[in-house]
Amino acid sequence: MGLFSKLFKKLFKKTTADVKFEKVAPQNAIKLENQNGAIENCSSLDMEEYLQMMFDDGEQFITLSVPSARYGIRFVQACRVDKGIDVELGLEEDDHTKLICKICSEEECREIFHEFFHTANVCDRKGYEPIQIEK
């Protein structure tokens, strides 16, 4: 179950993968967020600190967004789940954003975030599936 699907679970009763969200508003810089707040123009060290907070706290999440989706990905987000780390990519399509997700290890999650931080892309999208929420 994805990060956003947890939030919407009580609103829906039937499962669907056709979930669309509003696009992220334009921004001027790379932005890092968690439950404690947000940092614009964050550093790789800031991101590493936020990742470690999420790895250590089952209630914590992390979101890293870029000013524009040059490679179709506007943001990467993650949270702990029973089976590992749920990593989600926010794919911009036309006038909406769709989420795809996969369960990763801490090491793979860290690699995904570092790749996205440095390139605004996640080249290997194998294993990701559309999020499923109850409708």
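According to our numbering, the stretch in the sequence shown is residues 3 to 137, in order. Idealized CB from N, CA, C, for every residue including glycine.
- With contacts defined by Cβ atoms closer than 7 Å, Gly86 and Cys106 form a contacting pair.
- The shortest C-alpha to C-alpha distance from Ser45 to any of Lys104, Met55, Leu66 and Gln62 is the one to Leu66.
- Put simply, the backbone Cα of Ala31 is about 12 Å away from that of Ala40.
- Minimum Cα-Cα distance from Leu91 among the listed residues Glu131, Leu34 and Leu47 corresponds to Glu131.
- Fully contained in the region 65-106 is no alpha helix (DSSP H) run of length 4 or more.
- Sequence-distant Cβ neighbours of Phe57 in its own chain, meaning closer than 6 Å and more than five residues away, are Glu108.
- In this structure, Arg76 sits near Glu94, with a CB-CB distance shorter than 7 Å.
- Taking 7 Å as the cut-off, the Cβ atoms of Gln37 and Gln62 count as close.
- With at least 16 other beta carbons inside 10 angstroms of its own, Asp88 counts as buried.
- Selection Val68, Asp97 and Gly60 evaluated against Phe115 yields Val68 as nearest (Cα-Cα).
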